[in-house]
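Asker: Quick note on the working numbering: the sequence shown kicks off at 76 and runs consecutively.
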Amino acid sequence: MPVFIATNTVFYLNGAWNFNHSVSITYTDNNDNNWTVGEGISEDGGVTANATLLGTIIVNGTAYPLLQESGVNYSYLLFDNSIDAALAPADLTGLVSQPFPACFSEGALIATPTGELAIESLSINDEILTADGQIITVKWIGLHKVMPIFAGSKTDPVRFMASSLGDSVPSQDLIVTSDHGMILDDLVINASALVNGNTIKYVTASELPTRVTYYHLETANHDVIIANGAPAETFIDYRDRAAFDNHAEYISLYGAERIIPEMDRPRISSARMVPDVIKARLGIKDCVDQLDDTRVA
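(1) Do you know how far the Cα of Tyr329 is from the Cα of Trp215?
(2) With a CB to CB cut of under 8 Å and the five nearest residues on each side skipped, what residues in its chain are close to Asn89?
(3) Please classify Pro140: does DSSP put it in a helix, a strand, or coil?
(4) Smallest Cα separation from Thr205: which of Ser198, Ala186 and Ile194?
(5) From Thr123 to Tyr290, what distance separates their C-alpha atoms?
(6) Please confirm whether Ile194 and Leu167 have their CB atoms less than 9 Å apart.
(7) Which class does Lys214 belong to by DSSP, given the choice of helix, strand or coil?
(8) Would you kindly report the start and end of the unbroken alpha helix (DSSP H) that includes Ser238?
(9) Locate the beta strand (DSSP E) running through Leu292, then write down its first and last residues.
(10) Between which residues of its own chain and Val349 is the CB-CB distance below 8 Å, once the five residues before and five after are set aside?
(11) Is the CB-CB distance between Pro245 and Gly208 below 9 Å?
(12) Which residue marks the beginning of the alpha helix (DSSP H) containing Ala266, and which one marks its end?
(13) Have a look at Ala160, Glu118, Ser281 and Ser150 and flag the residue whose alpha-carbon is nearest the alpha-carbon of Ala91.
(14) Using 10 angstroms around the beta-carbon of Ile258, count the other beta-carbons present and answer buried if the total reaches 16, otherwise exposed.
(15) May I ask you to report which of helix, strand or coil DSSP gives Glu195?
(16) Name, in chain order, the residues that DSSP records as bridge partners for Trp92.
(17) So the alpha helix (DSSP H) Ile158 belongs to, where does it begin and stop?
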């Protein structure tokens, strides 16, 4: 039952900004640990009722929830501070209901020619290392700031505990989004397909800070880099660039979307397709037995 206390609620009438209601209201989904698009949201002592979560809108670098009132033309954007509320958009064209790009969490240590550096300290044109020791240059760093309770359980990130993929691989716990590709046995395997419920587990919204920043590194090619001692992919899906908060920066730098050829390795996005030898090594159960977790494909 995640709770969000909105200090400011910006109302939209027929999709256009109408007024800012600066009264503290507590909202809850009365359900699980995540707000999911399409589910009902209730409030404690406010001006709304029978609301449904439509998605989120990014304001000042943070994704805030947008609710739709049942039976009326009002929708409303919830804020936990007046500064961002004052920056609320004039309309709802920025609504995002599903896209969630594949990323590393803040604090991931990326191998560089001078040693490991936290991903948030890297900049465009910095040099990093590939898994085979080549020096490559960062072309862009995608940023995605979220409030986990609004992201939906299907986007829960995955935590790889230290040595969960092998001896000191990763060297310390590593958190990535569920669709981020890890490299095992020359395969690109989505993190969600590797969940074993023990040393590789989903991280729920209740375990995460109120706000989380995710990062993705784009290089000239679809490369294998090292994060916390574990091989992982760089950015590939150009269609998801627009889901990053700083997509406008990319366009200003490069003028247009750039297609990156995918690396010559098979990609596995479902637990069913993970080779038995990897399942045995990592302790992955058959997906039908995996913790009754419907997120495991």
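Backbone N, C-alpha and C fix where the C-beta goes; we use that ideal spot for every residue, glycine too.
Answerer: Taking the structure as given:
(1) Their Cα atoms are separated by approximately 10 Å.
(2) So the qualifying residues of the chain are Asn148.
(3) Strand, per DSSP.
(4) Taking only the C-alpha atoms, the option nearest Thr205 is Ala186.
(5) Model confidence at Thr123 stands at a pLDDT of 49, short of 50, so the residue's coordinates are unreliable; what they give is reported in the following sentence. Computed Cα separation, rounded: 35 Å.
(6) Their beta carbons are not under 9 Å apart, which means Ile194 does not touch Leu167 by this criterion.
(7) In this structure, Lys214 counts as coil in the three-state DSSP scheme.
(8) Here Ser238 belongs to no alpha helix (DSSP H), and DSSP marks it neither H nor E.
(9) Val287 to Glu293 is the extent of the beta strand (DSSP E) around Leu292.
(10) Contacts found: Ile264, Ala268, Leu269, Ile343 and Ile359.
(11) Going by C-beta atoms, Pro245 is not nearer than 9 Å to Gly208.
(12) Judged by DSSP secondary structure, Ala266 falls outside any alpha helix (DSSP H); it is assigned neither H nor E.
(13) Cα-wise, what sits closest to Ala91 is Ser150.
(14) When all chains shown are included, Ile258 counts as buried.
(15) Look at Glu195 here: in three-state DSSP terms it is helix.
(16) Beta-bridge annotation (DSSP): Trp92 is paired with Tyr87.
(17) Note, Ile158: alpha helix (DSSP H), Ser157 to Ala160.
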